[in-house]
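Novice: Structure provided below as structure tokens; questions to follow.
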Amino acid sequence: MTVDPFTALAVTLRDNAVNKTKEVLSGVAVELGTITASGLKLDRFKHEIGDYYVAEFPGILKLPELKLAGTVTGLKDSGGGGVQGKGSYSFEASETKESSLKLEYKPGDRVLVIPLNGGHDAIVICKVVSRGG
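Numbers in this note's numbering are just positions in the sequence shown, counted from 1, shifted up by 102.
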């Protein structure tokens, strides 16, 4: 059986185009992965990434005015006796500058990842959970 050289050339060109497209797009597409005990395993990359980046969200933490009501226990009066009952607490609105939300991950967590450098580096953006929690 002989191979048509034009068909072989077309198949080779198509395969090269597909591979180059995958290579170019591998650094911009988001992907799912799993945190492991020693690193990060991407769903579409066979090797574990031992050293990965984690997104951090710097900003200003703004807390609105808040009023809470509940039960008070464990307090002592001036004579050392226990005090308990119902109480309410009011907190004024506040802003905290130089705050940062840093997420903590544990092995088994499913995460959303941006792979970089052909999958050799990665940035973990957030934890992914099912709709029900």
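Cβ atoms here follow ideal geometry from the backbone N, Cα and C, with glycine treated the same way.
1) Under the DSSP definition of a beta bridge, which residues are partnered with ASP223?
2) Flag this pair as touching only if the region 207-225 and the region 173-193 have three or more C-beta atom pairs under 8 Å; answer yes or no.
3) Do SER196 and PRO160 come within 7 Å of each other at the CB atom, strictly closer than that value?
4) Going by CA-CA distance only, name the one from GLU150, SER140 and THR104 that's closest to ASP223.
5) Could you tell me whether the Cβ atoms of PHE193 and LEU168 are closer together than 7 Å?
6) Leaving aside the five residues before and after ASP179 along the sequence, list all residues of the same chain whose C-beta is less than 6 Å from its C-beta, in chain order.
7) Under three-state DSSP, which class holds VAL113?
8) Which class does PRO166 belong to by DSSP, given the choice of helix, strand or coil?
9) Using the C-alpha atoms, what's the distance from ALA119 back to LEU163?
10) Quick one: which unbroken beta strand (DSSP E) runs of 3-plus residues sit fully inside the region 144-202? Chain order, please.
11) Who does LYS208 pair with in a DSSP beta bridge?
Specialist: Well, looking at it:
1) Working through the sequence shown from its first residue, we reach residue 223 at position 121. Answer by DSSP bridge pairing, in chain order: LEU218.
2) Under the Cβ criterion (8 Å, minimum of three pairs), the region 207-225 does not count as touching the region 173-193.
3) As a working mapping, residue 160 is identified with position 58 in the sequence shown. As a working mapping, residue 196 is identified with position 94 in the sequence shown. Cβ atoms of PRO160 and SER196: not closer than 7 Å.
4) As a position in the sequence shown, residue 223 is number 121, starting the count at 1. Of the listed residues, the one whose Cα sits closest to ASP223 is GLU150.
5) Position 91 of the sequence shown, counting from 1, holds the residue named residue 193. Position 66 of the sequence shown, counting from 1, holds the residue named residue 168. Going by C-beta atoms, PHE193 is nearer than 7 Å to LEU168.
6) Residue numbering aside, residue 179 sits at position 77 when the sequence shown is read from its first letter. Cβ within range, chain order: VAL185.
7) Walking along the sequence shown from the start, residue 113 turns up at place 11. Three-state result, VAL113: helix.
8) One-based indexing of the sequence shown puts residue 166 at position 64. Correct three-state label for PRO166: coil.
9) Position 61 of the sequence shown holds residue 163. Position 17 of the sequence shown holds residue 119. So the two alpha carbons sit approximately 48 Å from each other.
10) 158-165, 168-178 and 184-193
11) One-based indexing of the sequence shown puts residue 208 at position 106. Note: LYS208 sits in no beta bridge, so no partner.
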